[in-house]
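Asker:
2 protein chains.
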Amino acid sequence: MTPDTLTADGTTAPVVPDGRKVKGDKTRRAILTAAVNVASVEGLEGLSIGRLASELNMSKSGLFSHFGSKEELQVSTVRAAAAIFAHRVIAPAVEVHEPGLARLCSMLLAWQDYIERGVFAGGCFFAAATVEMDGRPGPVRDAVAAQMTRWAGLLTEYIQEAIDRGELRPETDPVQLAFELDALGTAVNSGWQLHEDAAVFERGRRALRRRLEADATEAGLAVLASR
Amino acid sequence: MTPDTLTADGTTAPVVPDGRKVKGDKTRRAILTAAVNVASVEGLEGLSIGRLASELNMSKSGLFSHFGSKEELQVSTVRAAAAIFAHRVIAPAVEVHEPGLARLCSMLLAWQDYIERGVFAGGCFFAAATVEMDGRPGPVRDAVAAQMTRWAGLLTEYIQEAIDRGELRPETDPVQLAFELDALGTAVNSGWQLHEDAAVFERGRRALRRRLEADATEAGLAVLASR
DNA sequence: AAGAAAAACGAACGATCGTTCTTGTACCAC
DNA sequence: GTGGTACAAGAACGATCGTTCGTTTTTCTT
Chain A
1 MTPDTLTADG TTAPVVPDGR KVKGDKTRRA ILTAAVNVAS VEGLEGLSIG
51 RLASELNMSK SGLFSHFGSK EELQVSTVRA AAAIFAHRVI APAVEVHEPG
101 LARLCSMLLA WQDYIERGVF AGGCFFAAAT VEMDGRPGPV RDAVAAQMTR
151 WAGLLTEYIQ EAIDRGELRP ETDPVQLAFE LDALGTAVNS GWQLHEDAAV
201 FERGRRALRR RLEADATEAG LAVLASR
Chain B
1001 MTPDTLTADG TTAPVVPDGR KVKGDKTRRA ILTAAVNVAS VEGLEGLSIG
1051 RLASELNMSK SGLFSHFGSK EELQVSTVRA AAAIFAHRVI APAVEVHEPG
1101 LARLCSMLLA WQDYIERGVF AGGCFFAAAT VEMDGRPGPV RDAVAAQMTR
1151 WAGLLTEYIQ EAIDRGELRP ETDPVQLAFE LDALGTAVNS GWQLHEDAAV
1201 FERGRRALRR RLEADATEAG LAVLASR
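Encoded structure:
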């Protein structure tokens, strides 16, 4: 889609057609990595250019010139966070497991792992960004909403694949199930951030498993049992 | 507990021992009502004293003197929101239904109703406040966390009552079920705020019902069927 | 090595933030 | 009526916000 490649830290690095790196991009990625972390704690609105600059030992104007406006910085931060999420949660499940219930289940557990391991300082970036931006119109909100739609679509797609493979019952409503699975994951993030009680992860895993079992066929139960 | 009485709009009005109203309290309540609405959209941190003052056609310093600090305004706002929530969601369920599954179910539906009817401009105040404040220490976070703990405790308590009455299966884990029910309600709020798709309410109701049915006894199923 | 292009800097802008202090105003007891 | 008391207004503070501008430093090309 875009001519971006995924780098090790999950941020994107634009490349020109012949493959040479665009110069100055290293700084930009360093900024966005820090921005995602700050925003996961302080929020996308609480992310201030001056604070971010001093944290990176650079000047406010130097940082600013990479984006041209705060709004552009925020949108870029959302995209960087999405790349990290894709790298840490989606990619492992896709690489290791074939389509179906195994892939779906693996991705959901990877999501919890990424919350538990504290990939972002303030917990799941999108859980925070969604609630923060959902009330105010503008490009930043649209960027967040687009990512959340993508995520819900991905869940729905994987569920549909599991149905097609006969691992979930054919009368399963994919959108409904995706809604509930997302709800549980988000609640795990909130519970962990608010109470720092690690028991929430076990609760989350139990809830996910029971919810999937409720719609699983015998073939699906076998897949779940093997995990 | 506190010498406060619940007023019509859900905010609290302090009374002195002989019952006379403390003067100037009307202004304070008007401020907090507006503050809760602004904070539900802009967040507790985005709530600015100057903006709030101009919205109420009063001076910044005049408003400020009611609280003495922004932090105190934020904590008071959290308490005011809790009172409104109690008035709109908890009280109706307690008044109409006796303890047990009926009360629990009624409260969960009242919660969805309060989200759907837009009691706060930015959706459920606590869903927003929780995610916003969960990362930063201080009295405001503590106030929010205390309310969320109260809410989780209330859900757990009502579930336990339903177990004791034989409406939910005795092996039901109240904390686990409370976690899942709260997850679904919160997801309804997010879905509504982000996509403005009213279908999320039907999804939420279906998910709540199916989750309760999964742990219900025959007596419990009868209660659920009658609703 | 020289010149062009890009990146970073430092200073300053108007605006708004939370907060303080002083002044004016309404009300209530005496 | 008069004095006291709580409430509200107004001006101003230092700090920080996003942003602009002109200059300097770095980097790449040739």
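If you read the sequences in order, they're chains A and B. At the far end of the first sequence sits residue 227, using the numbering used here, and the numbering has no gaps. At the far end of the second sequence sits residue 1227, using the numbering used here, and the numbering has no gaps. Heads up, the beta-carbon is just placed ideally off N, CA and C, and yes, glycines get one too.
Label D215/A either buried or exposed according to how many other C-beta atoms from any shown protein chain fall within 10 Å of its C-beta, with 16 as the threshold for buried.
Answerer: Under this definition D215/A is a buried residue.
Asker: In the DSSP output, what is L1168/B paired with across the bridge?
Answerer: Bridge partners of L1168/B: A1216/B.
Asker: Compare the Cα-Cα distances from T92/A to each of F64/A, A187/A, S106/A and L101/A and report the closest residue.
Answerer: Per the sequence shown, residue 92/A should be read as Pro rather than Thr. Among F64/A, A187/A, S106/A and L101/A, the Cα nearest to that of P92/A is on S106/A.
Asker: Kindly indicate which three-state DSSP category V1056/B falls into: helix, strand or coil?
Answerer: Note that residue 1056/B is Leu in the sequence shown, not Val. DSSP places L1056/B in coil when its eight states are reduced to three.
Asker: To which residues of the same chain is A1008/B closer than 8 Å at the C-beta, ignoring the five residues directly before and after it?
Answerer: Caution applies to A1008/B, whose pLDDT of 36 falls short of 50 and renders its modelled position unreliable; the value that the coordinates give is listed next. Correct list: empty, nothing qualifies.
Asker: Am I right that E180/A and L1184/B are in contact with their C-beta atoms under 8 Å? What's the rounded C-beta distance?
Answerer: So it is a contact: roughly 7 Å between Cβ atoms.
Asker: Is it the case that the CB of H87/A approaches a heavy atom of the ligand NAP more closely than 7 Å?
Answerer: Because no ligand of any kind appears in the structure shown, any question about the ligand NAP cannot be addressed here.
Asker: Quick one: which chain B residues come within Cβ less than 8 Å of Q176/A?
Answerer: Per Cβ cutoff of 8 Å: R1203, R1206 and A1207.
Asker: State yes or no: is the beta carbon of T1186/B nearer than 8 Å to at least one beta carbon in chain A?
Answerer: Interface residue, yes.
Asker: Using the Cβ count rule (16 or more neighbours within 10 Å means buried), how would you classify A102/A?
Answerer: Under this definition A102/A is a buried residue.
Asker: When the distance is taken between beta carbons, is V1036/B closer than 8 Å to F1120/B?
Answerer: It is a contact, given that the beta carbons lie within the stated cut-off.
Asker: Only counting the same chain, and skipping five residues up and downstream in sequence, which positions put a Cβ closer than 8 Å to that of R1211/B?
Answerer: Only L1177, E1180, L1181 and L1184 meet the Cβ criterion.
Asker: For a quick check, are the C-beta atoms of I49/A and L63/A less than 8 Å apart?
Answerer: The answer is yes: Cβ separation under 8 Å.
Asker: How about I31/A and H87/A: are their beta carbons less than 8 Å apart?
Answerer: Contact flag unset, no.
Asker: Using only CA atoms, which one of R1029/B, T1027/B, F1201/B and E1167/B lies nearest to G1118/B?
Answerer: With distances taken between Cα atoms, G1118/B lies closest to F1201/B.
Asker: Assign A82/A to buried or exposed, taking buried as 16 or more other Cβ atoms, counted over all protein chains shown, within 10 Å of its Cβ.
Answerer: Answer is buried; the Cβ neighbour count reaches 16.
Asker: Quick one: which chain A residues come within Cβ less than 9 Å of Q1193/B?
Answerer: Simply T130, V131, D134 and G135.
Asker: Counting only beta-carbon separations shorter than 8 Å, does A1183/B have a partner in chain A?
Answerer: It does: the Cβ of A1183/B has a partner Cβ on chain A nearer than 8 Å.
Asker: What is the DSSP secondary structure of R51/A, counted as helix, strand or coil?
Answerer: Three-state DSSP puts R51/A in a helix.
Asker: What residues from the region 1097–1125 of chain B come within 9 Å of chain A, judged by C-beta to C-beta, listed N to C?
Answerer: So the list reads A1121, G1122 and G1123, given in the order they occur along the chain.
Asker: Can you list, in chain order, the residues of its chain with a C-beta nearer than 7 Å to that of V1175/B? Leave out the 5 residues immediately preceding and following it.
Answerer: Once the five neighbours on either side are set aside, the close Cβ partners of V1175/B are T1156.
Asker: What is the rounded straight-line gap between the Cα of G153/A and the Cα of M1058/B?
Answerer: Cα-Cα distance, rounded: 47 Å.
Asker: Using only alpha-carbon positions, find the residue among A39/A, G122/A, D173/A and E132/A that is nearest to N189/A.
Answerer: Minimum Cα distance to N189/A is reached at G122/A.
Asker: So I1159/B and T1172/B are supposed to be a Cβ contact under 8 Å. How far apart are they, rounded?
Answerer: Yes, they are in contact, since the Cβ atoms of I1159/B and T1172/B sit about 7 Å apart, within 8 Å.
Asker: Secondary structure at K21/A, three-state DSSP: helix, strand or coil?
Answerer: Its pLDDT being 45, under 50, K21/A is placed unreliably in this model, and the coordinates cannot settle the point.
Asker: With a threshold of 8 Å between beta-carbons, can E1167/B be considered close to chain A, or not?
Answerer: By this cut-off, E1167/B is not an interface position.
Asker: Nearest to A1110/B by alpha carbon, out of E1055/B, R1028/B and I1090/B?
Answerer: Out of E1055/B, R1028/B and I1090/B, I1090/B has the C-alpha closest to the C-alpha of A1110/B.
Asker: Residues of the region 1019–1049 of chain B with a CB closer than 7 Å to any CB of chain A: list them in chain order, please.
Answerer: Answer in chain order: V1041, G1043, E1045 and G1046.
Asker: Strictly below 7 Å CB to CB, what residues from chain B border F85/A?
Answerer: None at all; the shortest Cβ gap to chain B is about 17 Å.
Asker: What does A127/A touch in chain B if you count any residue whose Cβ is under 8 Å from its own?
Answerer: Within 8 Å Cβ-Cβ: V1131.
Asker: Can you list, in chain order, the residues of its chain with a C-beta nearer than 6 Å to that of G1100/B? Leave out the 5 residues immediately preceding and following it.
Answerer: Excluding residues within five positions, the ones whose Cβ falls inside 6 Å are E1161, A1162, R1165 and E1167.
Asker: Residues of chain A with CB closer than 9 Å to the CB of A1145/B, please, in chain order.
Answerer: The contacting residues are L194 and H195.
Asker: Restricting to runs no shorter than 4 residues, where is the alpha helix (DSSP H) found entirely within the region 1119–1197 of chain B?
Answerer: Fully enclosed alpha helix (DSSP H) runs of 4 or longer: 1125–1133, 1139–1164 and 1174–1195.
Asker: Residues in its own chain within less than 7 Å of T1130/B by CB, not counting five upstream and five downstream?
Answerer: So the list reads V1144 and M1148, once near-sequence residues are dropped.
Asker: For chain B, find out if any of its Cβ atoms is closer than 8 Å to the Cβ of E180/A; answer yes or no.
Answerer: Interface residue, yes.
Asker: So V89/A is in the alpha helix (DSSP H); what residue range does that whole segment cover?
Answerer: Per DSSP, V89/A belongs to no alpha helix (DSSP H) and is neither H nor E.
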